[in-house]
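A short worksheet on the structure shown next.
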Ligand SMILES: C[S@@+](CC[C@H](N)C(=O)[O-])C[C@H]1O[C@@H](n2cnc3c(N)ncnc32)[C@H](O)[C@@H]1O
Ligand code: SF4
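Numbering (full-length UniProt numbering), first residue to last: 1 to 415.
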């Protein structure tokens, strides 16, 4: 019988001790040379805030007052700055944002079933013939790189289950002007594929991990895999990836109690643990009460490490980066919900079925696959891309509007 997350947590807390989960988690922490940190349950949102419904106007004011109290130094404010280099008019939107970062989803399939990403009933997969072929992926990558894209992230679904993933990366590596190839992976197949990925030319790895407790991992992902993911993370470090990014979606009542353990992971390892605010997508049953905001996470972490330092990142960085002084790694917060970074957005997305999405939270899409298959020239493709980029909105509609809006489930977009 499937348990709700609340039922799971109640039953988890009750039985965890008896079943030795915390002991096992602390063993893993010890194995990884991580100091044991005091575990605590918490919620800094007030009772009233937790009771608010998304349609309640007080809800947005509660969020904005929390957000406003975060001091972000001028260096990382999300502002547009005139650049000296010329940039493709096709990839520049009406607000002057230059899109030099492309995320390509290689597949809709996945070997996990994360609750926040995939609806419980699963998804209707697109027939294979309607997905982008290897050649189509590479044609689009080449076109975007010619126009100034210098970073491509491969995502999904789970990109590492696509059989031609190494070939795609190897071919992309040959594109002149492409500086960075990144992958976001759930890490299950990572350890096995890492040597090939490194040889093919992967520069950056983001590995998703939402719990350090194997049973909880399995509850969230609806599949086993915790130990393989940990193996993947450790191997990536051994193979010289520095920094290895770890993506952790934080959900109230599920894994918020592990924040400090995740921070502690960064003491002896070159990790950047990125705490991601839970975002609404079709079928993931998002609600405001389950979302733990940046400010709340920060407040909690600062109780343990009051001298947490804010680091200055690039303007287009989505994460607000901090470091505990003396720790090898660092932590980041992806604050898409409580403090969006639309003003400096430089991303475009192509879904596995070939649709260009100019905004993660916008439902307007254009099929580049159909244009490609109609035999269009590069110039014609660029006109279509340019029109879509030109229509990009200034910012997303706000978390409550997004949560009611029709969009794809995350697994069909590619995070
Ligand atoms: C959709 S996954 C695809 C890549 C790969 N399968 C993985 O899990 O890393 C990309 C990222 O999106 C994040 N993600 C998925 N659904 C999300 C949600 N509702 N809110 C916030 N992040 C989400 C995942 O945690 C993951 O880090
Ligand atoms: S977050 Fe990644 S691993 Fe989890 S279901 Fe979605 S695509 Fe799969």
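We treat Cβ as the ideally placed atom computed from N, Cα and C, and that holds for glycine.
Under the three-pair Cβ rule at 8 Å, the stretch 159–178 counts as touching the stretch 199–208. In the three-state reduction of the DSSP assignment, residue 365 falls in the strand class.
Positions of the alpha helix (DSSP H) runs, each at least 4 residues long and wholly inside the stretch 116–190, are given as 134–146 and 165–173 in order along the chain. DSSP places residue 295 within a helical segment (H, G or I) once states are collapsed to three. Distance from the C-beta of residue 231 to the nearest heavy atom of ligand 1 is not below 6 Å. If you compare the alpha carbons of 252, 272, 336 and 310 with that of residue 398, the shortest gap goes to 336. Within the DSSP secondary-structure output, residue 309 pairs in a beta bridge with 323. For ligand 2, a non-hydrogen atom lies closer than 6 Å to the CB of residue 157. Going by DSSP, residue 346 is part of no beta strand (DSSP E) at all; its letter is neither H nor E.
Ranked by Cα distance from residue 346, the options 217, 134, 130 and 392 are led by 392. When 279, 98, 274 and 138 are compared, the shortest CA-CA separation from residue 411 is found for 279.
If you draw a straight line from the Cα of residue 332 to the Cα of residue 258, it comes to about 15 Å. Here the stretch 129–143 lies against the stretch 103–117, with 3 or more beta-carbon pairs under 8 Å apart.
It is roughly 33 Å from the alpha-carbon of residue 324 to the alpha-carbon of residue 149. Around residue 390, the same chain offers 93 and 94 as residues with beta carbons nearer than 7 Å, after the five sequence neighbours per side are excluded.
If you ignore the 5 residues before and after residue 194, its C-beta comes within less than 8 Å of the C-beta of 232, 235, 236 and 239, all in its own chain and listed in chain order. Annotation for residue 148 indicates a beta carbon at 6 Å or more from all heavy atoms of ligand 1. Cβ-Cβ separation between residue 229 and residue 186: approximately 7 Å, consistent with a contact (criterion under 8 Å). Distance from the CA of residue 360 to the CA of residue 227, rounded to the nearest whole angstrom, comes to 31 Å. Residue burial is scored here from C-beta neighbours: residue 364 has fewer than 16 other C-beta atoms within 10 angstroms and is therefore classed as exposed. Under the rule that a run must span 4 or more residues, no alpha helix (DSSP H) segment is found entirely inside the stretch 229–256.
With a threshold of 6 Å, the Cβ atom of residue 186 counts as near ligand 2, since some heavy atom of the ligand is closer than that. At a cut-off of 6 Å, the beta-carbon of residue 359 does not count as near ligand 1: no heavy atom of the ligand is closer than that.
As computed with DSSP, residue 206 is found in a beta bridge with 184 and 245. Take the alpha-carbon of residue 373 and the one of residue 320: they are about 41 Å apart. Approximately 12 Å separates the beta-carbon atoms of residue 322 and residue 304; this is outside 8 Å, ruling out the contact.
Sixteen is the threshold: since fewer than 16 other Cβ atoms of the shown chains lie within 10 Å of the Cβ of residue 120, the residue is exposed. DSSP, reduced to helix, strand and coil, places residue 383 within a helical segment of the structure shown. As DSSP reads the structure, residue 105 sits in a beta bridge with 155. Comparing alpha carbon positions, the residue from 191, 283, 306 and 205 closest to residue 403 is 283.
Less than 7 Å divides the Cβ of residue 90 from the Cβ of residue 385.
When the beta-carbon positions are compared, residue 160 and residue 189 come within less than 7 Å of each other. Beta-carbon to beta-carbon, residue 207 and residue 247 are separated by about 7 Å, close enough to satisfy the 8 Å threshold. By the 16-neighbour rule on beta-carbons within 10 angstroms, residue 222 is exposed.
In the three-state scheme derived from DSSP, where H, G and I count as helix and E and B as strand, residue 413 is classed as coil.
Only residues of its own chain outside the window of five on either side were considered, and among them 350 and 368 have a CB closer than 7 Å to the CB of residue 140, listed in chain order.
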